[in-house]
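Residue numbers (the numbering used here): 144 to 482.
Cβ coordinates follow ideal geometry from the N, Cα and C atoms, glycine included.
Taking it in order: structure first as structure tokens, then the write-up.
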Amino acid sequence: MTIPTNMPYFLRKWAEENGSKHTEKNQIIVEMLKKFLPDIFLYDLHYDDLFDQIKANLNTIKMVVLWKGSPPVNMEIFKKVDLTISCAPEEVKSLRGMGFKIEHLHHAFNKNILNGQLQANKEFELIFIGQIYRAIGFHTDRDRMLKQIVKEMEINVFSPSYELGFSDFLYHLVKKSALTLPLPFYFISDKFSNKYSIKLEKAREYPFFPYSLKFKKSLHPAGYEKKMYDVIRSSKDVLNIHADSSPQFAFNMKLFETTGVGSCLLTDWKENINQLFEEDEEIVTYRSPEECVQKAKWLLANSKERGIIAKKGQQRTFASHLYEHRVPEFLSIIKKHLE
144 MTIPTNMPYF LRKWAEENGS KHTEKNQIIV EMLKKFLPDI FLYDLHYDDL
194 FDQIKANLNT IKMVVLWKGS PPVNMEIFKK VDLTISCAPE EVKSLRGMGF
244 KIEHLHHAFN KNILNGQLQA NKEFELIFIG QIYRAIGFHT DRDRMLKQIV
294 KEMEINVFSP SYELGFSDFL YHLVKKSALT LPLPFYFISD KFSNKYSIKL
344 EKAREYPFFP YSLKFKKSLH PAGYEKKMYD VIRSSKDVLN IHADSSPQFA
394 FNMKLFETTG VGSCLLTDWK ENINQLFEED EEIVTYRSPE ECVQKAKWLL
444 ANSKERGIIA KKGQQRTFAS HLYEHRVPEF LSIIKKHLE
């Protein structure tokens, strides 16, 4: 049973069809779980209020498992679960070092997506699709990379950042100004002076704007579900840039989404990339903005070779990176920790 917590219409419809008097989202979710009475509960959120309500109202749960991506989250929630599973090897190493039970499991591709007759015409040459959140620990590398690329060649960027308006830019500008504003009262003692210096150092890294204006003209509205896959499949090259929180290892969804639909993946090199795909055979990698631009141009100029790489990448994903491959791994992890 899967409960999409970000679909209020679905939750309200379930409540209506099941005679529930609840209207508040968390209460409806708890009631749904009470009807299902799960033995294993996989939590893919990182806020405490819903989690605490579920724990307080269901005593049938034998194991609570938390899914963890790479962005920073509230550390307290790790103390409340029996096991954490993460796609990010860096997170696995870090949390194990803190004494938490955690296992690694890669993302996967759902091949049923291809039954939806995705658009096949190559409308775009080079695209990037994803978030561009400029805060430290999120997407500052993406921001720098995209700024460099738009100087050299055309790229279409599909991102939620497209929807940001004047109020978002004003908020960032005011926050940056407030964070860097001199505050004389901090210098009453060395203790306060040191504290202010740390705050100021971090504040200097905070951006004035939510995304760089240098690639504003390249922005398009973000696509979701089938629309997102249509955009990926209708692109000759798909650029992948991991988040700041994954400096060593490759693991994000775009690896499998892009190759799964049969487009050519151009991704940042990571030390485990050859465990997932063969470089320059199934995917193409880069180690710098300059190399990224060079290889993107080469791929666009060599359509036959690009097509061969894309086909081999899709074959590798079908052979190794489908949910049919991940589910047995997931069940093995659960059984191991239930014993």
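Beta-bridge pairing by DSSP links isoleucine 245 to Thr227. With at least 16 other beta carbons inside 10 angstroms of its own, glutamine 457 counts as buried. Excluding five sequence positions before and after histidine 247, the CB atoms of its chain that fall closer than 7 Å to its own CB belong to Ser229, Pro232, Val235, given in chain order. In the pairwise beta carbon analysis, the stretch 451–467 is classified as touching the stretch 397–412: at least three pairs are separated by under 8 Å. About 5 Å separates the beta carbons of proline 303 and alanine 365, which is inside the 8 Å limit, making them a contact pair. A check of alpha carbon separations from methionine 288 across Thr410, Val374, Glu467 identifies Thr410 as the nearest. In the DSSP annotation of this structure, the continuous segment of the beta strand (DSSP E) that includes phenylalanine 267 starts and ends at 267–272. CA-to-CA, the gap between threonine 460 and asparagine 253 works out to about 10 Å. Tyrosine 190 sits in coil when the DSSP states are folded into three classes, being neither helix nor strand. Annotation: tyrosine 429 to glutamate 414 spans about 12 Å, alpha carbon to alpha carbon. Using a 10 angstroms sphere on the CB of glutamate 425, the tally of other CB atoms reaches 16 or more, which defines it as buried.
The distance from the Cβ of isoleucine 183 to that of isoleucine 477 is about 6 Å, consistent with a contact at the 8 Å cut-off. When secondary structure is reduced to three states using DSSP, phenylalanine 394 falls in the coil class, being assigned neither helix nor strand.
Boundaries for phenylalanine 420: no alpha helix (DSSP H) harbours it, and the DSSP string shows neither H nor E there. The three-state secondary structure of threonine 203, taken from DSSP, is coil.
Excluding residues up to 5 positions away in sequence, nothing lies with its Cβ nearer than 6 Å to the Cβ of glycine 162 in the same chain. Nearest to isoleucine 270 by alpha-carbon distance, out of Ile256, Glu297, Tyr466, is Glu297. Secondary structure of leucine 408 (DSSP, three-state): strand. Bridge partners of tryptophan 441 according to DSSP: none are assigned. For threonine 428, the enclosing beta strand (DSSP E) has its first and last residue at 427–429.
By the CB criterion at 8 Å, leucine 419 and alanine 393 fall inside the cutoff. Taken through DSSP and simplified to helix, strand or coil, histidine 363 comes out as strand. If you ignore the 5 residues before and after histidine 480, its C-beta comes within less than 6 Å of the C-beta of Leu226, all in its own chain and listed in chain order. When DSSP reads this structure, tryptophan 157 sits in no beta bridge, so it has no partner. By the criterion of a C-beta distance shorter than 8 Å, glutamate 266 is surrounded in its chain by Ser377, Ser378, once the five residues flanking it on both sides are discounted. For the options Leu398, Glu160, Asp195, the alpha carbon positioned closest to that of isoleucine 384 is the one of Leu398. A check of alpha carbon separations from proline 471 across Ala251, Asn299, Ile375 identifies Ala251 as the nearest.
Beta-bridge pairing by DSSP links valine 381 to Ile270, Leu408. Under a 10 Å Cβ-count criterion, serine 406 is classified as buried, with 16 or more other Cβ atoms of the shown protein chains found around its own Cβ. For isoleucine 146, the three-state secondary structure derived from DSSP is coil. By the criterion of a C-beta distance shorter than 8 Å, lysine 177 is surrounded in its chain by Asn200, Leu201, once the five residues flanking it on both sides are discounted.
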